[in-house]
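S.K.: The sequence shown begins at 45 in our numbering and counts up by one.
By construction, the Cβ of each residue, glycine as well, lies at the ideal position given by its N, Cα and C atoms.
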Amino acid sequence: SLYLSAAGLGAFVFNFSRIVGPVVGGLVIAKYGVVLAFLISAISSFLYVLFFMRVSLTPKEGQPLERRALVRELIDGVIYLRQLPGALMIVLLTGLNGLLGRSFFEILPAYNGAVLASGAEGLATLTAASGAGAACLGIYLQISRSGKQGSMLSMIFVLALSCFVLQALGLTNVMFVAALLSAAMGFLATYIGVLVQTQLQVTTDDNHRGRVMSIWTTVSLGVPAIGAFMLGGLGSLFGVSGSLLISGTL
């Protein structure tokens, strides 16, 4: 029952860095240059790896940790995922969310420059706005502490709202409106991510949860890059605004 709150906290922590990151990065670049900014980023990534290496998993009593070949583990996860009711639909919704929602964040620089005709300050505003929207979701989930699983209908509804927001982004060239819509997209894209992640965690048994979530993570992180490639291709033909309108309509 605490999965939704835990996922919301994770969304808040991760996306809060998207608010602070552009601001701090912009200040460092403006005062000290790009080299120092990349150095700070590399050091922070190294520290993350060190902290992650200290995390240890203890198997449940009576369930010894079984190690098998990586390929075999992956195949078992795919087979289990196909047999789990509704799991393939959840992964499909994750992929659609990556194509329609999170891929927009990958082309923010192009949208900021081509549509809004803005520079680094405008890009930082849009990035911070999207992070603020996602952080608001994390705060909402922690305050509500509902602990409820999202239904398939609610996931589809949130995805449909994302399509409308994407179309609205393609219709505006006003920075203030674009920032509000970016915040809404950050909220919705993170919300559906929390819903599908919680659903998979709750319905998957302990022996397969790691494998199933690794497949979900691959789709969640990989598909936005494909979506950005798709939006870029459409943008070269119809412009950035046209690509957002077409993507939201499809």
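1. Taking 6 Å as the limit between beta carbons, can you name the residues of its chain near Gly-292, skipping five residues before and five after?
2. Tell me which residue opens and which closes the alpha helix (DSSP H) that Ile-218 is part of.
3. Which residues mark the beginning and the end of the alpha helix (DSSP H) in which Arg-98 is found?
4. Roughly how many angstroms lie between the CA atoms of Leu-118 and Glu-165, to the nearest whole one?
5. Identify, in the order they occur along the chain, each residue of the same chain with its Cβ nearer than 6 Å to the Cβ of Gly-286, setting aside the five sequence neighbours on each side.
6. How is Leu-136 classed by DSSP in three states: helix, strand or coil?
7. Relative to the C-alpha of Met-196, which residue among Cys-180, Leu-244, Val-79 and Asn-156 is closest?
8. Can you list, in chain order, the residues of its chain with a C-beta nearer than 7 Å to that of Tyr-155? Leave out the 5 residues immediately preceding and following it.
9. Ordered along the chain, which non-local residues of its own chain (more than five positions away) have a Cβ less than 8 Å from that of Ala-161?
10. Whole-angstrom Cβ separation of Gly-65 and Ser-264, contact assumed at under 8 Å?
11. Would you check if the distance between the CB atom of Ile-259 and the CB atom of Met-199 is smaller than 8 Å?
12. Mapping DSSP to helix, strand and coil, what is Thr-169?
13. So, are the CB atoms of Leu-288 and Thr-234 less than 8 Å apart?
M.R.: Looking at the coordinates:
1. Excluding residues up to 5 positions away in sequence, Cys-207, Leu-210 and Gln-211 lie with their Cβ nearer than 6 Å to the Cβ of Gly-292 in the same chain.
2. For the sequence presented, residue 218 should be read as Val rather than Ile. Segment: none, Val-218 is in no alpha helix (DSSP H) and carries neither H nor E.
3. Careful: Arg-98 lies outside any alpha helix (DSSP H) and carries neither H nor E.
4. If I take the Cα positions, the gap works out to 43 Å.
5. none
6. helix
7. Leu-244
8. Val-284
9. Asn-217
10. Wrong, their Cβ atoms sit about 20 Å apart, outside the cutoff.
11. no
12. Correct three-state label for Thr-169: helix.
13. Contact: no.
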